[in-house]
Structure formats: C-alpha cells, structure tokens
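Numbering (our numbering), first residue to last: 3 to 90. Glycine included, each C-beta is placed from N, C-alpha and C at the ideal position. Below is one structure, written out as structure tokens; comments come after it.
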C-alpha cells in the first residue's frame with residue numbers, strides 16, 4: 003500500500019513538473035530564484051494558483067513552495083490545479 007502511495011505521489015510530482023517546465027518555456031521564464039515571489043490575494047486567486055503560478059513557476063525546485071509538496075494534501079491540490087484545469 004505504501005509503494006502505491008509513493009507511486010501516486012511521484013506521478014503527481016511528474017505532472018506538476020511537466021506543467022511548470024511547459025509554462026516556463028511558453029512564458030519565456032528564464033530567471034529563477036531560491037526566494038518565492040510575493041503572493042496575490044488567496045481570496046481572489048486561490049491557494050493553489052499562488053502555489054503553482056507564483057511560487058513553483060519562479061522558484062528553483064527544492065526551494066520555497068516546492069518544499070510544501072511533501073504534504074500529501076498540498077500535493078493533491080496542486081496536482082488537481084494542474085491536471086484537472088482548476089485554474090481561475
């Protein structure tokens with residue numbers, strides 16, 4: 003059971019990484035940081051918008067919001083945002 007959960011987590015991370023890479027290329031984002039960008043209103047934009055579009059998009063993997071993906075609930079929400087188009 004634990005291996006299945008790990009496989010699901012790896013799949014979700016893979017989908018998130020692929021989305022981030024695709025969008026960085028599409029948006030021509032070349033400068034990344036170890037520090038996250040200031041977040042926009044969570045009431046107006048949503049928690050997972052801020053995590054994916056403001057934190058992960060502009061931060062090197064392993065820093066900032068990327069660390070939050072170790073939490074299964076946050077990973078699941080970010081995955082749903084990316085994979086199921088829960089954007090805005």
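Q. Looking at residue 82 and residue 59, is the spacing between their C-beta atoms short of 8 Å?
A. What you label residue 59 is simply residue 57 of the chain shown in a count that begins at 1. What you label residue 82 is simply residue 80 of the chain shown in a count that begins at 1. No. Outside cutoff.
Q. Between the C-alpha atoms of residue 10 and residue 78, what's the straight-line distance to the nearest angstrom?
A. Along the chain shown, read from residue 1 onward, the residue named residue 10 stands at position 8. Along the chain shown, read from residue 1 onward, the residue named residue 78 stands at position 76. Whole-angstrom Cα-Cα distance: 10 Å.
(Q) By the three-class DSSP mapping on this structure, what secondary structure does residue 90 have? (A) For the purposes of this step, residue 90 is taken as residue 88 along the chain shown, with counting starting at 1. Because residue 90 sits at a pLDDT of 46, beneath the cut-off of 50, its placement in the model cannot be relied upon, and the point is left open.
Q.
Considering only DSSP beta bridges, list what residue 61 is partnered with.
A. Within the chain shown, residue 61 is the residue found at index 59, counting from 1. When beta bridges are read from the DSSP output, residue 61 appears opposite 35.
Q. Nearest-angstrom Cα distance between residue 68 and residue 75?
A. As a working note, residue 68 is residue 66 in the chain shown. As a working note, residue 75 is residue 73 in the chain shown. Straight-line Cα distance between these residues: approximately 14 Å.
Q. Span of the alpha helix (DSSP H) holding residue 48?
A. Along the chain shown, one-based indexing puts residue 48 at 46. It is not in any alpha helix (DSSP H) - residue 48 carries neither H nor E in the DSSP assignment.
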